[in-house]
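Colleague: Structure below; questions to follow.
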Amino acid sequence: MKVLVLGASGFIGSAVTHAFVRAGHIVWGQTRSQETADTQFSPCEIIPVVCDPTTEDGRVIWTNIAKQIDVVVDCLAAGGADQALGIFNAFLEAVKGRPEGSPRPTYVYCSGHYVMARGYGGLDEWSDERQPAEAPINKGTIWRTKIEGAVVGEQSINGIVVRPACVYGSSGSYFGDYHFKPALDALEAGKTEFESIISDNGKILTIHKDDAADLFVRVAEAAPACRGEVFLSANPSTDNIRDILDAIVRITGLKGWKAKKPADAYETAWITPLLARPSLGQALTGWQPKRMAVSDGMDVYWVRSSAGAC
Numbered sequence: 001m002k003v004l005v006l007g008a009s010g011f012i013g014s015a016v017t018h019a020f021v022r023a024g025h026i027v028w029g030q031t032r033s034q035e036t037a038d039t040q041f042s043p044c045e046i047i048p049v050v051c052d053p054t055t056e057d058g059r060v061i062w063t064n065i066a067k068q069i070d071v072v073v074d075c076l077a078a079g080g081a082d083q084a085l086g087i088f089n090a091f092l093e094a095v096k097g098r099p100e101g102s103p104r105p106t107y108v109y110c111s112g113h114y115v116m117a118r119g120y121g122g123l124d125e126w127s128d129e130r131q132p133a134e135a136p137i138n139k140g141t142i143w144r145t146k147i148e149g150a151v152v153g154e155q156s157i158n159g160i161v162v163r164p165a166c167v168y169g170s171s172g173s174y175f176g177d178y179h180f181k182p183a184l185d186a187l188e189a190g191k192t193e194f195e196s197i198i199s200d201n202g203k204i205l206t207i208h209k210d211d212a213a214d215l216f217v218r219v220a221e222a223a224p225a226c227r228g229e230v231f232l233s234a235n236p237s238t239d240n241i242r243d244i245l246d247a248i249v250r251i252t253g254l255k256g257w258k259a260k261k262p263a264d265a266y267e268t269a270w271i272t273p274l275l276a277r278p279s280l281g282q283a284l285t286g287w288q289p290k291r292m293a294v295s296d297g298m299d300v301y302w303v304r305s306s307a308g309a310c
């Protein structure tokens, strides 16, 4: 397949882009940075597309590529529904002139599990890919349901949504920002404790970036069978932030950690428990996560994160 990944230098986008390359596809990767294109894309057999995809000039560049390829994967860090819908509508405009009877082009949107995280509790709080995305407590991210509905409801394309859970691996993503970095800062400052955000029960649903990327490739390859579906990319069981923080204490030699409250709606969404077991990806594509959970593999993930991105 010919594949264009928007946001190809981001934490998830980079993993997705490399996964498509490893799977044998021809891959274009969009970035705003010429340096990234020269140092990270070209040496790795990724065809660089240097532009800001949200501007008029940038859209001309990437939509001209989208006209002739099979799959567009949107891994952009959109700041709201309007921007995400703008990207999607630009894609639709680019591909609408294809000859009648042509195979449907595929659009895979990278969303997030926040839109379905209902918190911790009994059966009422359990959810999966087959249920409506109802997470009113996550006001900072619920806008994603607007773009999700547009993507899976569009009949002229193979529209697919993937919702990664809290992503880890390599530099750590938000685990690095919220947990690893505060611990490193405490060590450098000679402190014995560090602070980190955590929910009351600490439960969190996670996925390694490489496992998440594998699901993106699989649903794109099986797009005619996966169109109109939403896939949760997550490990089969929850992890616990308390176990993660305790593992950091063990590895670093710090004395302990202290909980602090989230600073905004996004941090609240990130630590909101999601009780769910992903099953649709396995049922339709045979996808199954392979990497160790965060707390189980902390000795590996801490070294990887503190050494920088991979």
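Take 1 as the starting number for the sequence shown in full-length UniProt numbering and just add one per residue.
For every residue, glycine included, the Cβ atom is placed at its ideal position computed from N, Cα and C.
1) Going straight from the alpha carbon of A309 to that of I46, what length do you get?
2) Measuring alpha carbon to alpha carbon, tell me which of V300, G176 and P164 ends up nearest G13.
3) Run through the region 159 to 236 for me and flag every whole alpha helix (DSSP H) of 4 or more residues, listed as ranges in chain order.
4) Would you kindly work out how many angstroms separate the C-alpha atoms of residue 312 and E221, rounded to a whole number?
5) Given a cut-off of 9 Å, decide if A293 and D214 are closer than it, judged by their beta-carbon atoms.
6) Return the residue from the list E100, L275, K290 and L280 that minimises the CA-CA distance to G122.
7) Classify E148: buried if its beta carbon has 16 or more other beta carbons within 10 angstroms, exposed otherwise.
8) So, helix, strand or coil for R143, using DSSP?
9) Once you ignore the five residues that flank K290 on each side, which residues in its own chain have a CB closer than 7 Å to its CB?
10) Q30 by DSSP, collapsed to three states: which one?
11) Would a C-beta distance cut-off of 9 Å place F175 and C166 closer than the cut-off?
12) Put I46 into one of helix, strand or coil per three-state DSSP.
13) With DSSP run on the structure shown, which of helix, strand or coil describes A309?
14) Kindly indicate the opening and closing residues of the alpha helix (DSSP H) around W257.
15) Which of helix, strand or coil does DSSP assign to T302?
16) Look up T268 in the DSSP assignment and say whether it is helix, strand or coil.
17) From the DSSP output, read off the bridge partner residues of V72.
Modeller: In terms of the structure at hand:
1) Its pLDDT being 49, under 50, A309 is placed unreliably in this model, and the coordinates cannot settle the point.
2) It is P164 whose Cα lies nearest to the Cα of G13.
3) Taking only runs of at least 4 residues, the alpha helix (DSSP H) segments lying wholly in the region 159 to 236 are 181 to 188, 209 to 221 and 223 to 226.
4) Only positions 1 to 310 of the chain appear in the structure, and residue 312 is not among them; the question remains open.
5) At least 9 Å separates the beta-carbon of D214 from that of A293.
6) Distance from the Cα of G122 is smallest, within the candidate group E100, L275, K290 and L280, for L275.
7) Burial call: buried.
8) According to the sequence shown, residue 143 is Trp rather than Arg. Here W143 sits in coil by DSSP.
9) Same-chain partners within the cutoff: D211.
10) Strand.
11) Yes, the Cβ-Cβ distance between F175 and C166 is below 9 Å.
12) Coil, per DSSP.
13) Low confidence applies here, because A309 scores a pLDDT of 49, under 50, leaving its location unreliable; read the following figure in that light. A309: coil per DSSP, three-state reduction.
14) First-last for W257: G256 to K260, but that is the beta strand (DSSP E), not the alpha helix (DSSP H).
15) The question names Thr, yet the displayed sequence has Trp at residue 302. If DSSP states are grouped into helix, strand and coil, W302 belongs with the helices.
16) In the structure shown, T268 sits in a helix (DSSP, three-state: H, G or I).
17) The beta-bridge partner set that DSSP reports for V72 consists of L4 and Y107.
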